[in-house]
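Everything in the sequence shown is counted per this note's numbering, starting at 5 for the first residue and increasing by one.
Presented below is the structure to which this report refers.
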Amino acid sequence: MAETESHIRPRVYFNISIDSKPSGRLTFELFDDIVPKTAENFRALCTGETGIGKAGKPLWFKGCTFHRIIKDFMIQGGDFTQGNGTGGESIYGEKFDDENFKLSFDKPFYLAMANSGPNTNGSQFFITTVKTPHLDNKHVIFGKLLYGKKLLKKMENLKTDSNDAPLKPCKVLDSNQILPPYNDKDNDDNENNKNVNSPDQFGDIYEDSIFDNDNIDIDNPKSVFDAVENIKSIGTALFKAKDFQNAFEKYSKASEYLNDYFPDDLSTDNINYLNNLKASIYSNLALVALKLNKNPAAIKNATLCLESENLSQSFKSKALYRRALAHINSHNEDQALTDLNNALQLSPNDPAVLAAITTAKANKRLRTQREKQAFAKFFSSK
Numbered sequence: 005m006a007e008t009e010s011h012i013r014p015r016v017y018f019n020i021s022i023d024s025k026p027s028g029r030l031t032f033e034l035f036d037d038i039v040p041k042t043a044e045n046f047r048a049l050c051t052g053e054t055g056i057g058k059a060g061k062p063l064w065f066k067g068c069t070f071h072r073i074i075k076d077f078m079i080q081g082g083d084f085t086q087g088n089g090t091g092g093e094s095i096y097g098e099k100f101d102d103e104n105f106k107l108s109f110d111k112p113f114y115l116a117m118a119n120s121g122p123n124t125n126g127s128q129f130f131i132t133t134v135k136t137p138h139l140d141n142k143h144v145i146f147g148k149l150l151y152g153k154k155l156l157k158k159m160e161n162l163k164t165d166s167n168d169a170p171l172k173p174c175k176v177l178d179s180n181q182i183l184p185p186y187n188d189k190d191n192d193d194n195e196n197n198k199n200v201n202s203p204d205q206f207g208d209i210y211e212d213s214i215f216d217n218d219n220i221d222i223d224n225p226k227s228v229f230d231a232v233e234n235i236k237s238i239g240t241a242l243f244k245a246k247d248f249q250n251a252f253e254k255y256s257k258a259s260e261y262l263n264d265y266f267p268d269d270l271s272t273d274n275i276n277y278l279n280n281l282k283a284s285i286y287s288n289l290a291l292v293a294l295k296l297n298k299n300p301a302a303i304k305n306a307t308l309c310l311e312s313e314n315l316s317q318s319f320k321s322k323a324l325y326r327r328a329l330a331h332i333n334s335h336n337e338d339q340a341l342t343d344l345n346n347a348l349q350l351s352p353n354d355p356a357v358l359a360a361i362t363t364a365k366a367n368k369r370l371r372t373q374r375e376k377q378a379f380a381k382f383f384s385s386k
């Protein structure tokens, strides 16, 4: 499905506003080598070059709204005659036939025709945000989102009403074609989309969701593990630099990647690697959460670490210790002492564990004394 050296696919763009505020650009590549008629319809509707349609409206996406947004599915627009999903018009007349179904919805960010049944294509389209194989052989795929994935995700997360219409208007401020030669490093659409497949300020080249990356082969465990290890290493570098908040966010991202990755055909070695990687990230999250005084998060992640399969004694001891510190900070000394005593069995004479036990016992005695004093004052005042 890639371009050949002799054929350059057309590219078009939408400048988007959300709640009347310019929000960035979506750039599409059109598969005119696979579905030329369908691709040409969309291209011409982006330029507005065909003039006024039969409905008396410009055949142009400029000013058109996205009238339907369904999270974890798709975003739909293209009804420039009615604006609510009941209208629209192609450059060939009101409707035209399905061209072919050569492509499958096997990945997100495909651009496809919306319809009301077979051979009812007009101007309405949708952009998928996840794999949607149930749409195969029902909707014609004619392009893909090339740039602007984070903007699309922002649109996808807009709150909607009972009809799936966004509560904040989402509109195409302008649309047109980008003419070759293309320069993907500094072309005119890249300023608004420099976050796509380019590193953030910390060197992270990956999207927020594991499924949104062109540079991760989700069917290849090594590709997934390498990406997670890279994100984790960024978190570790930030932790060493004492940038705890951003370290927490990177470790959380790495954790979310693994939580979303659960193939049923992993080898035993890959399963063990996955479990060890998860445990390591949970342990790191617990540590950073302690630095940020996020005690519930520290307890949660230490617990997740302890629930990991085939956990080594050193990991267990470390997780118990970190959970105990969070319990001490939360004034739950009894739970802290339980964890610390269990950690001491795994790591006898560990000075950090012994010191924490001393602290927990001292805090418990002090709290008990204060409670007794408070009760004594209460009854003496009667």
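Even for Gly, the Cβ is constructed at its ideal location relative to N, Cα and C.
These figures come from a predicted structure and were not determined experimentally.
Asked: 9 Å Cβ cutoff met for valine 144 and asparagine 125; Found: yes
Asked: Minimum C-alpha distance to phenylalanine 132 - residue among Ile74, Ile303, Leu289, Tyr277; Found: According to the sequence provided, residue 132 is threonine. The question's phenylalanine does not apply to it. For the residues Ile74, Ile303, Leu289, Tyr277, the minimum Cα distance to threonine 132 belongs to Ile74.
Asked: Continuous beta strand (DSSP E) assignments of at least 3 residues falling wholly in the stretch 161-246; Found: 174-182
Asked: Through-space distance from lysine 368 to leucine 324, alpha-carbon basis; Found: 19 Å
Asked: Backbone CA spacing between alanine 340 and glutamate 375 [nearest angstrom]; Found: 19 Å
Asked: Straight-line gap, asparagine 199 to leucine 156 (C-alpha atoms, nearest Å); Found: Its pLDDT being 39, under 50, asparagine 199 is placed unreliably by the model, and the measurement read from it follows with that caveat. Rounded to the nearest angstrom, the two C-alpha atoms are 12 Å apart.
Asked: Selection from Tyr114, Lys106, Gly87, Gly121 that minimises the alpha carbon distance to phenylalanine 100; Found: Gly121
Asked: Pair within 9 Å by beta-carbon distance, threonine 136 and tyrosine 151; Found: no
Asked: Selection from Asn19, Met117, Ile303, Gly87 that minimises the alpha carbon distance to proline 170; Found: Gly87
Asked: Nonlocal neighbours in the same chain, by C-beta distance under 8 Å from leucine 358, ignoring five residues either side; Found: Leu348
Asked: Leucine 289 versus Leu49, Phe248, Ser127, Ser316, residue with shortest Cα-Cα distance; Found: Phe248
Asked: Residue closest to phenylalanine 46, alpha-carbon to alpha-carbon, out of Lys153, Pro112, Tyr265, Phe84; Found: Phe84
Asked: Helix, strand or coil at serine 21 [DSSP, three-state]; Found: strand
Asked: Short Cβ contact (9 Å threshold) for arginine 72 with isoleucine 182; Found: no
Asked: Cβ shell of proline 173 (< 8 Å), same chain only, five flanking positions each side left out; Found: Ser21, Ile22, Asp23, Ser24, Thr69
Asked: Residue-level contact to chain D via CB, alanine 116, 9 Å cutoff; Found: Protein chains in the displayed structure number just one, and chain D is not present.
Asked: Alpha carbon of histidine 331 to alpha carbon of leucine 34, nearest angstrom; Found: 56 Å
Asked: Extent of the continuous beta strand (DSSP E) to which phenylalanine 130 belongs; Found: 129-132
Asked: Under 9 Å between C-beta atoms of valine 294 and asparagine 333; Found: The sequence shown places leucine at residue 294, not valine. Yes, these two residues count as a Cβ contact at 9 Å.
Asked: Cβ shell of threonine 42 (< 6 Å), same chain only, five flanking positions each side left out; Found: Glu103, Val144, Phe146
Asked: For isoleucine 235 and aspartate 212, believed in contact at Cβ under 8 Å, the rounded distance; Found: In fact, because the Cβ distance is near 11 Å, the residues do not count as touching under 8 Å.
Asked: Exposure of glutamine 4, with buried meaning 16 or more beta-carbon neighbours within 10 Å; Found: Outside the displayed range of the chain (5 to 386) lies residue 4, so it cannot be described from this structure.
Asked: Unbroken beta strand (DSSP E) run spanning arginine 72, endpoints; Found: 70-74
Asked: Per-residue DSSP class, three states only, for asparagine 141; Found: coil
Asked: Glycine 82 and phenylalanine 65 closer than 9 Å at C-beta; Found: yes
Asked: Residue(s) in a DSSP beta bridge with valine 16; Found: Phe32, Gln181
Asked: For phenylalanine 146: DSSP bridge partner residues; Found: BP columns for phenylalanine 146 are empty, so no partner.
Asked: Within the stretch 269-334, ranges of the alpha helix (DSSP H) (whole runs, at least 4 residues); Found: 272-295, 299-310, 317-333
Asked: Beta-bridge pairing of glutamine 80 - partner residues as DSSP gives them; Found: Arg72, Phe130
Asked: Cα-Cα separation, methionine 78 to asparagine 217; Found: 17 Å
Asked: Cβ shell of phenylalanine 229 (< 7 Å), same chain only, five flanking positions each side left out; Found: Tyr277, Leu281
Asked: Cross-strand partners of isoleucine 56 (DSSP beta bridge); Found: Pro62
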